[in-house]
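Notes for the one structure printed next.
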Amino acid sequence: MSESSTNPEQWDDGYEILFNSVPCYVTVIDRDFRIVRANDAFHDSFGYAPNIHCYEVYKHRDTKCRGCPAEKTFGDSKIHRSNQVGVGKKGQKIYYTVRTSALKDVRRNLTHVIEISNDVTPLRKLEERVRQAERLGAVGQTVAGLAHSIKNILMGLEGGKYIVSLGLEKNNKEMINQGWEMLERNFDKTTSLVKDFLSFSKGRLPRLEIVDPGKLVMEIVDLYKEVASRSSIELAPEIDDGVRSAPLDPSGIHTCLTNLVSNALDACLASDKKGTKVTIRVKEKKGVLIFQVEDNGSGIDYEIKKKIFTTFFTTKGGGGTGLGLLTTRKIIEEHGGTISVVSQSGKGARFEMHFPRKRLLELYRQSTRNSKGQPANSK
Amino acid sequence: MADNGKKKIMVVDDEADVRTFLMAALIEAGFDVVVAQDGDVALRMIAEELPDLISLDLVMPHKSGAKLYHELLKHKEWSKIPVVIVTGHARDDLGKSDLKDLTMSGPGIYLEKPVKPENYVAAIKSILKMDTSTEEKEASEMIKLRNSLKDAIDEADKGVLKKLKRLMENKT
């Protein structure tokens, strides 16, 4: 390569044609972050830009962008990439992915960086539309589920009303009482449905604190040991030695464990077996913090397993609102974790919550960064 | 049929309140009633004594209504028992696929929760081809009409419905 070909300001016609014909934005910037060359595609979208700072043209800013990939390339001569949002010459938003690579002169001095960017605005808009459609779909599903729960409650109220009126007709006090109790029960169900529904719909980021997972488990054991022993169910914590503290939302995890443990106790009650047991385990495996809630109760059959994480699905007849496991999954996913279940009908079930430590740490850093400058409770 | 000449209805539902309600309505209408809280219990009871009709919920623990129904169909004698599905899931994703499987074969009808006791009894009497009062006949006809209308709306092309609505609005 001749000296002139490596100096971007002195390219000959052949390079110029090539440079202007490529179907992406190409700019060459110097160590001052000034654009010394830009191709036609760039001019068309961002406007004319000789010797102006790249951040002024790309983003209408007065200072360098955070995480600038060109700066990184000047630092280590390597290729870097990042996703950015710029402002076009008509003021429109332009989403682009940019890659930067080193441009060295004949003496191998890194004098310039080439930035090659692709406009991904149409793709972003499409993604946004898909997300919106998903949100609407979820709303539809939730409304359908809510309608179903209300239908069930109405059925109970209809029944109570009917039995009370039969009792009055026949002057049967026992029947009146029975019908009245049905009415009361179903009024109560409305209250708990509304409560669960509100707590589910409350979308919030987990409030992460460094906590001891073993301690969270022990709190749940304390909470349930009396209920369990009353039904002669053994409730056993198993906390592995290797479990370290982790950034978790203690009240969120408390809700998850409460839901899983109360389900496990219900499964034990529904089984005819003797010697039923619920184990709450916490352990660590390859950088993943794992909570397990295991029971040897009635188990879950295949058909129901397909539906348990669905809104308002319940097999507990009058007892459940069908939101427990859904809320649990939501909290876990907000922590960047996953939930799974292993079960066979009649043989008990094991629910597992997996929290990759790396993801927890990322979220923790994000949340401490966000909380700087604004109070935690502000909306 | 039970010994006393009354028809015997089996009510299968996981909710105690629903069982109590439907049982009271049926006894009041002069039926013999047995209840089961899930499909497993129901099957054991059917094996002991055949009911004349089964009133069935769809989504239940242990053995769902759909599963129970399929087991009934496998059995020569049991497959003739008429079934009334009483469900809250008729029109959502949880029950829809189950329901589609069910209505394809065998005798039966479905009712959507909440049901009125008089409609419930009328539907059962109509399936059992029992003498019904004119009122009851009307009620059961009404249920059939309403169900077929709901199905038609569910399956209708949304565009056509919108056009229809516009047309009707212009007329009035």
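These protein sequences, in sequence, are chains A and B. In terms of my numbering, the first sequence is residues 23 to 401. In terms of my numbering, the second sequence is residues -18 to 153. The beta carbon of each residue, even a glycine, is placed where N, CA and C say it ideally should be.
Residue contact check for residue 103/B against chain A: no CB pair falls below 8 Å. DSSP, reduced to helix, strand and coil, places residue 55/A outside both helices and strands of the structure shown, so it counts as coil. At a cut-off of 8 Å between beta-carbon atoms, residue 88/A makes no contact with chain B. Beta-bridge partners of residue 313/A (DSSP): 304/A and 375/A. Distance check between residue 145/A and each of 115/A, 80/A, 173/A and 280/A places 115/A closest, using alpha-carbon atoms only.
Residue contact with chain B for residue 353/A: absent (no Cβ-Cβ distance below 8 Å to any residue of chain B). If you draw a straight line from the Cα of residue 84/A to the Cα of residue 108/A, it is about 13 Å long.
Counting every other CB atom within 10 Å of its CB across the protein chains shown gives residue 151/B a total below 16, marking it as exposed.
A distance of 8 Å or more separates the beta carbons of residue 36/A and residue 67/A. In this chain, the alpha helix (DSSP H) harbouring residue 349/A covers 346 to 356. Within the DSSP bridge table, the entry for residue 231/A names 270/A as partners. Rounded to the nearest whole angstrom, the C-alpha separation of residue 176/A and residue 98/B is 13 Å. Apart from the 5 residues on each side of it in sequence, residue 63/A sits with its Cβ closer than 6 Å to the Cβ of 47 in its chain, given in chain order. DSSP lists -8/B and 65/B as the beta-bridge partner residues of residue 36/B. At a beta-carbon threshold of 8 Å, the residues of chain B lying near residue 173/A are 69, 93, 94 and 95, ordered along the chain.
Burial state of residue 199/A is exposed, judged by a 10 Å Cβ sphere holding fewer than 16 other Cβ atoms. Identification of residues in the region 17 to 39 of chain B having a C-beta nearer than 7 Å to some C-beta of chain A yields an empty set. Taking 8 Å as the CB threshold, residue 63/B stays off the interface with chain A. Within 8 Å of the CB of residue 200/A, the CB atoms of chain B belong to 1, in sequence order along the chain. Per DSSP, the unbroken alpha helix (DSSP H) holding residue 65/A starts and ends at 62 to 68. Closest by C-alpha distance to residue 133/A, out of 82/A, 29/A and 231/A, is 29/A.
A distance of 8 Å or more separates the beta carbons of residue 141/B and residue 181/A. Neighbours of residue -2/B in chain A, taken as residues at a C-beta separation under 8 Å, are given in chain order as 177, 178, 181, 182, 204, 207, 208 and 340. Shown here, residue 320/A sits in coil according to DSSP, grouped into three states, outside any helix or strand.
Residue environment analysis places residue 171/A among the buried positions, since at least 16 neighbouring C-beta atoms fall within 10 angstroms of its C-beta.
With contacts defined by Cβ atoms closer than 8 Å, residue 289/A and residue 251/A do not form a contacting pair. When secondary structure is reduced to three states using DSSP, residue 91/A falls in the helix class. The residue among 36/B, 65/B and 28/B with its C-alpha nearest the C-alpha of residue 59/B is 28/B. Straight-line spacing of the CA atoms in residue 55/A and residue 94/A works out to 12 Å. If you ignore the 5 residues before and after residue 322/A, its C-beta comes within less than 6 Å of the C-beta of 365 and 371, all in its own chain and listed in chain order.
Scanning the region 238 to 293 of chain A for uninterrupted alpha helix (DSSP H) segments of 4 residues or longer gives 272 to 292, listed from N- to C-terminal end. In the DSSP assignment, residue 42/A falls within the alpha helix (DSSP H) that extends over 35 to 43. Between residue 188/A and chain B, the shortest Cβ-Cβ separation is below 8 Å. Boundaries of the alpha helix (DSSP H) harbouring residue 107/B: 98 to 108, taken from the DSSP string. One Cα belongs to residue -4/B, the other to residue 36/B, and the distance between them is close to 13 Å. In the three-state scheme derived from DSSP, where H, G and I count as helix and E and B as strand, residue 140/B is classed as helix.
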